[in-house]
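> Got a structure here, written out as structure tokens. Questions coming.
Below is the structure:
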């Protein structure tokens, strides 16, 4: 028994499970892995709305939602902080985390389940964790979860007809700009990882650096992404440094923000107002994707963080990347930042499979 350990209920090839475990490893917070919370009577009795991971504290309390959990744990384990002290760096960190959670998650799910070369590895590994707590053979779990997730992908904007657009126009350009930025230093904002590093690590460790076809794309387009993933897989072997000079935003970071301004930010800013908006790909291809309550809540929180952090210096950085209007023109939609002093149990959570996302 390890009475001081957190228990992470999830799946090792799960995007958000790996976001949490990467964070816990870096902070040196003891944790134990428990596979798939969906059939746990304890989690359901705690009001868990579904999704992975759910984390049980050493005191026995359950909590969920990766971003909220990290903010809660930062209050209990403040050093080394994963939130840059500089308000401009911190807001840019939140922008990148939001994109990882609400945007890149979509082609991560689609690229796994619409390419057989990926789902025979990553999908089977996922099913193996599910089968631990269910009275079915692993092959049955693999077939069942595959059919369910593929049926849940169209509301994400990802289908058999659109997945190649996501790969060509979203994923691979992202690997190029991310790889170029990480080639200049070990982490997004300097010599130590931020919450955005862990958000990206979750997708990379579980999907993009794990699944064979995605791995080849990453190695071709942004090999530094693989190195970044390996650094966070083994943080105990790394020497960490300081945050970058906050007054000098590198061109490579501005290029990452500009990439988000091509498709994600235009879509999310419209969808959260109109309820649905088109994701526009190259050559005129488009797909209508609706905003969920979860997405609107995440967007309202990000806008609240913008209002809190806003300054001429921040607006100059956002304008340089061409994305200032997606924040400055939408402050009326700002919500409030969550109070994470207690273990978070938000009523909204990202389900698995993503039935309403």
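In this note's numbering, the protein residues as written are 5 to 361. Glycine included, C-beta positions come from ideal geometry on N, C-alpha and C. Keep in mind it's a predicted model, so treat the numbers as computed, not measured.
#1: Quick one: Cα of residue 150 to Cα of residue 143, how far?
#2: Return the CA-CA distance between residue 75 and residue 98, expressed in angstroms with no decimal places.
#3: Considering only the alpha carbon of each residue, which of 62, 334, 317 lies closest to residue 251?
#4: Cutting at 7 Å between CB atoms, please list the residues of its own chain near residue 304, excluding the five before and the five after it.
#5: Report the partner residues of residue 67 according to the DSSP bridge assignment.
#6: Counting only runs of 4+ residues fully inside the region 258-291, write out the alpha helix (DSSP H) ranges in chain order.
#7: Does the distance from the C-beta atom of residue 23 to that of residue 70 stay below 7 Å?
#8: Leaving aside the five residues before and after residue 281 along the sequence, list all residues of the same chain whose C-beta is less than 6 Å from its C-beta, in chain order.
#9: Could you check which residue in 195, 234, 198 has the C-alpha nearest to that of residue 209?
#10: Taking the alpha helix (DSSP H) that residue 118 belongs to, which residues open and close that run?
#11: Does the separation of the CB atoms of residue 224 and residue 100 fall below 7 Å?
#12: If we call anything under 7 Å between Cβ atoms a contact, is residue 222 one with residue 179?
#13: So which of 232, 231, 300, 177 has the shortest CA-CA distance to residue 286?
#14: Do you know how far the Cα of residue 58 is from the Cα of residue 131?
#15: If you reduce the DSSP assignment to three classes, tell me which class residue 13 lands in.
#16: Given that a residue counts as buried once 16 or more other Cβ atoms are within 10 Å of its Cβ, and exposed if not, what is residue 34?
#17: I'd like to confirm the pairing. Which residues does DSSP put opposite residue 22 in its beta bridges?
Let me lay it out:
#1: Distance between residue 150 and residue 143, taken at the CA atoms: about 10 Å.
#2: 12 Å
#3: 317
#4: 337, 338, 339
#5: 59
#6: 268-278
#7: yes
#8: Taking C-beta separations shorter than 6 Å and ignoring five residues to either side along the sequence, the partners of residue 281 in its chain run 271, 274, 275, following chain order.
#9: Cα-wise, what sits closest to residue 209 is 234.
#10: Here residue 118 belongs to no alpha helix (DSSP H), and DSSP marks it neither H nor E.
#11: no
#12: yes
#13: 177
#14: 18 Å
#15: DSSP places residue 13 in the strand class (E or B) of the three-state scheme.
#16: exposed
#17: Under DSSP, no beta-bridge partner is assigned to residue 22.
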